[in-house]
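Engineer: Below: one structure in structure tokens.
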Amino acid sequence: MENDLANFQTSSANSNLLLNTDKCKTLRITRKRNKIDHTYKLQDSALKTTDCERDLGVWTSTLTWSKQVLHQCAQANKSLGYIRRFTIKIKTISVSKKLPACRTLCDKVFGSGDVFMEKFIQTARHIEVQVFGDGKGNVVHLGERECSIQRRYQKLIEECPSPALTEEQRDQVCEMAVRLCKSVNYQSVGTVEFLFDDVQKQFYFLEVNTRLQVEHRVTELRLGIDLVELMIRQAYEGVDLTQMSVQPQGHVIECRINAEDPSKNFTPTAGVVTKVTLSEESEGSKGCLVDTWIRRGNIVTPNYDSLLANIIQWAPTREQAIQAMLNTLNTTIIAGPPNNLGYFREFLKTDQFVKGETYTNSLEWFTYSPACVEVISPGLFTTIQDWPGRQDRGLWRIGVPPSGPMDHLASRVANSLVNNKETDAVFEITQCGPTLKFHLDTTVAITGASMEVVLDGLLIQMWQRVLVNAGSVLKIGNLSNDLGSRTYLAVAGGLNLPKYLGSRATFPNGNFGGYQGRALKAGDMIPTGDPENKTGYGISNETLHRGVSGMGRKELVDSLNPERPFESLNRETLRNNEVTDDVAIPEDGVSSNSFVPHILQKNDQPFNPLHITEQYGTNWSIGVLPGPHANPEYLTDEDMDMFYATPWRVHQNSNRLGIRLSGPAPKWARHNGGEGGSHPSNIHDCEYAVGTINFTGNMPIIIGQDGPSLGGFVCPCTIVQSELWKIGQVKAGDTIRFCKMTIEEAIKSRREQNEFIKTLQCSHKLPDNFGAESYPETKPVLRVIPELDTRPRLEIRLAGDSYILIEYGPMVLDLNLRFRVHFLEEKLLRSNITGLEETAPGVRSLQLRYNPLVLPLSILLEIVTKADKELRDISDRTVPTRILDLPMCFNYSGVNEAIEKYIKSVRAHAPYLPSNIEYVFKNNGLRGIDAVKERVFSASYMCIGLGDVYLGACCAVPVNPLHRLVTSKYNPARTYTQEGTVGLGGSYMCIYPMNSPGGYQLIGRTLPIWDTFGNSNPKLFSEGKPWMLQMFDQIRFFPVSETQLDAMRSKFKCGTLDLQIEEQVFSIAEYNRFVNAMSDEITSYRAAQIKAVNTMLKEEEKSLMLLATDDEWNKELTTPTHQPQTIIPEGSVGIYSPVTGRIWGIAVSKGELVKERQIVASVEAMKMECSCYCPVSGTVTRILVIGRQLVHQGDLIMIIINVMESGEDCLDC
């Protein structure tokens, strides 16, 4: 060591290493390179050297400190700047070998290679003293704080007083801090920081922070003072410290809540804060303060400090303070990006912290395992869903879809297998699955479409319960056959995510629910709940076995040695059961992870999924009930015969919003939709049922879990609840035949399915709680009540086994009908009917969602009939209304973006293409675009429905009939519309609340009408009401430029744009007098519109004929299921389509050099663009597809010759 020291001293003499061997009468900061030398006096010259050495803990003997474990520190860029520490522990390694590396690092970071060395203290505590000075030599201390719990030298937990110091030591360190600050006439608040050697009981000076620190609230809470107030008073008038008297009371602990992941070495995290519940001054957390900037909906970015909140807890004693802090932490929720709340909950319970035996390196020995599942890779489209989704009353009526699992049966069974509630959240996996790492011991079950599932290198079966150990990795691969498209993973205890509007289900289009309101991404940490029994049911050799594909339960259990039950699962067994090639198999056949997965049976009874899986296929049969809109009013009898006989092919643009179907066009029972729109499929907007088959033009679409609640298209039949799961498993290219059921069959099937999920056993004979009289005759129109006096005709229509649709009057736009719907809805809600779950109004209709297992349909029909009879005349009544003045940019650029995407991906020719606005004036017999603009900005649009295209979107009609513009809707519908876009469809105006599909003709853009977290404007939004508009609101647009609108949208989102809102009362009688006075003018205007509409309908017919002959929408019906086999040359690799869809883009050309992981093509499927990546670096030798071509999953689209095989130079990857 002496030789090392000699070499080190020689080296230091030439390397700007400062060895402060003076008697420490001064603090010297030097940068020799810049010839700057600052010397600061630390104490009076009369102070003895030995006192200084003892007080400041500076070691002056180079021989002494060189024999210690050292660390090296770099100097700041500026002489008075912040000092950043680079720690290198030196034990027996030569000091001289470490110095050059340290100098190089310092020079690179700070522009100076100067370093100095100081003692390393292994059992160090971080003690700091709060001081206050008046600038005149008077300084007082306000006690000490201990800040030893740190990560990366940054404080996480502070407490006051320190549990480590005696009163003598406390007085000593506070006196040192006071003397130091007095020597420089220190002014205002400051903190003098020390390290305390818990073994040698000595203090070592670190630094003085000449500012207010984050942890100052700890001192404030214990002393009952306000340090900020003192600072302000000192600055303005000075503080008389002689009159200052404080009395410390109790014990205070502070926890810094940071956006960082403790399980990943405190890696910073970013994302949306989805829920905030703070416990300040709440029950069980008296003496608690919370400093925070966050609220629900805030975005944590990587651009700033990770601090989310400081929680400061006071109690009379340290023991009580720890317990009080734990109570506070347990009732605090900050959901969104991972944070250290859970880490603190565990650390504060450790013996070391409870005993106060913690040091600056204490976190190095603390192991934290959060109860969560880590996403290693996300798969194609994996989301969090729960059943039945968002079903709270009032949500469907304004357009919030339920979301939830597309296949509710597989989801509920998965939960049942792991002893969860069937409503617990699960992973929904589409076509290609994720790789997940489990940070806890738990039980899982995987159900649904068959996928390759590997746990720690071993294949496991689906539809069974599997034990998973902490640290295990579960890899769910591609679909293993053509049967089904979605798989579900349930974890015991569920997934512990915050609910949004009553559910954890993800609605990706709305960016809410689930985890961060989106599909999962690599690195996501999904918290799990607390299972009632983590290891599941009792384990024995009779009921557990490994899930190895291809081996039956009996054969596998029989093959096990009772003494060593897994040794017989040898390498050969695993190979015969198709373990994937990329899994390393140890020679003993057992994964390197000591834990082996087990499959458990529920209640010791084997579960046979054949009852479900035998229904999987490529040709599906799905049970439906007729209605609400069938033959003979809307479709002919021949149309309905054709509908039930046709094997409808699932279109590649199907997804969670809706399942699009390709097949023959109906002939229709009418020529057009009248005031509802130009096409015969158009009607006045009404509420849809989830699972209804909805004709958008000539294309039927099944409304999915994320589908819209309100729209203006005919729905001839609706899938029953027990059959609805099947639409979650159909995929592009499959066929569907719809089979008529009776109401009684639907209800009995639903009851049997519920019992099966509960018991996992088939029960075909269940008692019927209702008699035969509870089941009305199965037909689209259940009841008709003729018009009588002032009461219009009433029709009650069947809409599946969970909905009925009540319609008033003829198919005309009459606000009087809408007002009657409003009063009927109010009357039904006031009745508090058991089993009535939701009421949702349309233009002339009211949809009721009910539970048929609680409220028989026959009784509901009588309730509705009685309520309508009691309603009587409404002509002299009023409704509340608000006048909202909104800006609109006419023909905004986003309008053309949506149209261009439609032309490219859906339909290239139509009367409304390429300009929707030009089509509008032609369809209404107007003279030009200016006439359209004049009517739009003159109208007062009344909201008579919400949720027309999701999330509070208005179905609004001009109060003045002369301002109404009639248009048809897109046929088929668009797959994309920009949020805030204003559209016209039928006689209505709609504002799109999010990027979404749609069918309205687009004319401009306005402000957002949906605020997910309700933060932007308290007059319009709240946490429980994130939608802006209300029924009977009147919207009046005023024109602005695109630049002006963009600025106003930005201010609106920040809550600084003041909108004009006026509350009024709308008189039905006055409205009728107003309309009657203009009857002749209205009649003339409508006649001109009808003439123009008929002309444009002929143009549409010509366009549809062109579409039928040259558009690939219809060609796909004869597209072969599999492409011809193509031989890939040796040394080349193929690139295959990851999904069934259309080629959206080809990013390379033949002969082009490509890099590994480069995107070479994209396929559009389910309204997503799925990228195709190049697996190697090489040259494109062949492209087998063209743009817009339909391809199936696994089809070869491109061939690349590998550069390593061809001998070409490797590309820089």
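Each residue of the sequence shown is one higher than the last, beginning at 4 in our numbering.
Just so you know, even glycine gets a beta-carbon here, dropped at the ideal spot from N, CA and C.
Model, not experiment: these values are computed from the prediction.
1) Is the distance from the Cβ of G986 to the Cβ of G715 below 9 Å?
2) Taking only three categories from DSSP, how would you classify A495?
3) State the DSSP-derived secondary structure class of K907, mapped to helix, strand or coil.
4) Here's the rule: buried if 16 or more other CB atoms are within 10 angstroms of the residue's CB, otherwise exposed. What is M454?
5) State the DSSP-derived secondary structure class of T270, mapped to helix, strand or coil.
6) Express the C-alpha separation of W296 and T169 in angstroms, rounding to a whole number.
7) Smallest Cα separation from K122: which of P669, V276 and F206?
8) Measure the C-alpha to C-alpha separation of C718 and P408 and round it to an integer number of angstroms.
9) Note down, in chain order, each residue of its chain lying with its Cβ closer than 6 Å to the Cβ of Y619, except the 5 sequence neighbours on either side.
10) Please list, in chain order, all residues of the same chain as L209 whose beta carbon is under 7 Å from its beta carbon, the five residues on each side excluded.
11) Are the stretch 1131-1146 and the stretch 1174-1184 touching, with three or more C-beta to C-beta distances below 8 Å?
12) Are at least three pairs of beta-carbons, each pair with one atom in the stretch 432-445 and one in the stretch 470-478, less than 8 Å apart?
13) Quick one: what does DSSP say N512 is sitting in, helix, strand or coil?
14) With H, G and I counted as helix, E and B as strand and the rest as coil, what does DSSP make of N757?
15) My understanding is that V255 touches R225, with C-beta atoms under 8 Å, so please give their C-beta distance in whole angstroms.
16) According to DSSP, which residues form a beta bridge with F430?
17) Please report the straight-line C-alpha distance between N188 and P1029, rounded to a whole angstrom.
18) Take G747 and list the residues in its own chain whose beta-carbon comes closer than 6 Å to its own, dropping the five residues that flank it on each side.
19) Which first and last residues belong to the beta strand (DSSP E) in which E1065 is found?
20) CA-CA distance, P511 and S414?
21) Could you confirm whether any beta carbon from chain B is found closer than 9 Å to the beta carbon of I809?
22) Tell me the DSSP secondary structure of E360 in three-state form.
23) Below 8 Å on the Cβ atoms is my contact criterion, and I expect P890 with V1043 to pass it. Report the Cβ-Cβ distance as a whole number of Å.
24) Does DSSP classify M1108 as helix, strand or coil?
25) Near D229, which residues of its chain fall below 8 Å by C-beta distance, leaving aside the five closest residues on each side in sequence?
26) Name, in chain order, the residues that DSSP records as bridge partners for Y189.
27) Mind checking which residues open and close the alpha helix (DSSP H) that includes D644?
28) Would you be able to state if there are at least three C-beta pairs under 8 Å between the stretch 1033-1042 and the stretch 871-889?
29) Can you tell me the Cβ-Cβ gap for V1157 and I1203, rounded? I've got them flagged as a contact below 8 Å.
30) State whether the stretch 949-964 contacts the stretch 886-901, with contact taken as three or more CB pairs (one from each stretch) at a distance under 8 Å.
31) Under a three-way DSSP split, which group does V447 fall into?
32) With a threshold of 8 Å on Cβ separation, who are the neighbours of F826 within its own chain once the five nearest residues in sequence on each side are excluded?
33) Once the 5 residues before and after F598 are set aside, which same chain residues still bring their CB inside 6 Å of it?
34) With a CB to CB cut of under 6 Å and the five nearest residues on each side skipped, what residues in its chain are close to P612?
35) In the stretch 946-982, which residue ranges form an unbroken beta strand (DSSP E) of at least 3 residues, counting only runs that do not cross its ends?
36) Beta strand (DSSP E) containing Q1037: first to last residue?
Structural biologist: Walking through what the data contain:
1) Contact check for G986 against G715 fails: the beta carbons are separated by 9 Å or more.
2) Coil at A495, not helix or strand.
3) helix
4) buried
5) strand
6) 37 Å
7) F206
8) 23 Å
9) L486 and G487
10) E196, F197 and L198
11) yes
12) When Cβ pairs closer than 8 Å are counted between the two stretches, the stretch 432-445 is seen to touch the stretch 470-478, the count reaching three or more.
13) Taken through DSSP and simplified to helix, strand or coil, N512 comes out as helix.
14) Helix, per DSSP.
15) 5 Å
16) I387 and L492
17) Going from the Cα of N188 to the Cα of P1029 covers about 56 Å.
18) At residue 747 the sequence reads Glu, which differs from the Gly that was named. So the qualifying residues of the chain are Y778.
19) I1064 to S1070 is the span of the beta strand (DSSP E), which, as asked, contains E1065.
20) 19 Å
21) Absent here is chain B; the protein component of the structure consists of one chain.
22) coil
23) Rounded, the Cβ-Cβ distance is 4 Å, consistent with contact.
24) Secondary structure at M1108: helix, using DSSP grouped into helix, strand and coil.
25) E223
26) DSSP output for Y189 lists no bridge partner at all.
27) D640 to A648
28) yes
29) I1203 and V1157 do touch by the CB rule: their CB atoms are close to 6 Å apart, below 8 Å.
30) Under the three-pair Cβ rule at 8 Å, the stretch 949-964 does not count as touching the stretch 886-901.
31) strand
32) L874, I877 and R880
33) Below a pLDDT of 50, predicted positions are generally treated as unreliable, and F598, at 34, falls in that range; the measurement from the model is reported next regardless. The answer, listed in chain order, is N472.
34) W466
35) Correct list: 957-961.
36) Q1037 to P1042
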